[in-house]
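S.K.:
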Amino acid sequence: MMRDAWGEPLASALIEAIPPMAPDDYATKHDIEHLGVQLRGEMSELRGEMSELRGELKGEMAALRGEFRASSRHTLVTIVAAAVSIWLTFYLPAVL
């Protein structure tokens, strides 16, 4: 999917970016294929690391969401307690 979408064009662009060499310095087709295989391996490693980091980030985000929910509940309880306190302090004595 996405790997195919940018993996091959990236490898092709890197191969094309190699500066021209003297005729006796030209790499063989096998050398270029070997470099392509190495590049694909390194890209695969990077994808794996990105996947791990994405997993860690998702875990951190879930933890932050949990902390936010706990904080929101605490705030809601504080507001309700303040409302009850105000009601008990002012409204209830006025009615009785």
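FYI, in the numbering used here the residues of the sequence shown are 14 to 109.
Beta carbons: idealized from backbone N, C-alpha and C, even for Gly.
1. Assess, as a yes-or-no matter, whether the region 47-62 is touched by the region 76-87 under the definition of 3 or more beta carbon pairs within less than 8 Å.
2. Quick check: the Cα distance between glycine 49 and alanine 26, rounded to an integer number of angstroms?
3. Please report the straight-line C-alpha distance between leucine 52 and alanine 24, rounded to a whole angstrom.
4. May I have the straight-line CA-CA distance separating proline 106 from glycine 79, to the nearest angstrom?
5. Please report how far the alpha carbon of isoleucine 31 lies from the alpha carbon of isoleucine 45, in whole angstroms.
M.R.: From the atom records:
1. The answer is no - the region 47-62 does not touch the region 76-87, with fewer than three Cβ pairs under 8 Å.
2. Going from the Cα of glycine 49 to the Cα of alanine 26 covers about 11 Å.
3. Approximately 7 Å, taken between the alpha carbons.
4. So the alpha carbons of these two residues sit roughly 40 Å apart.
5. So the two alpha carbons sit approximately 11 Å from each other.
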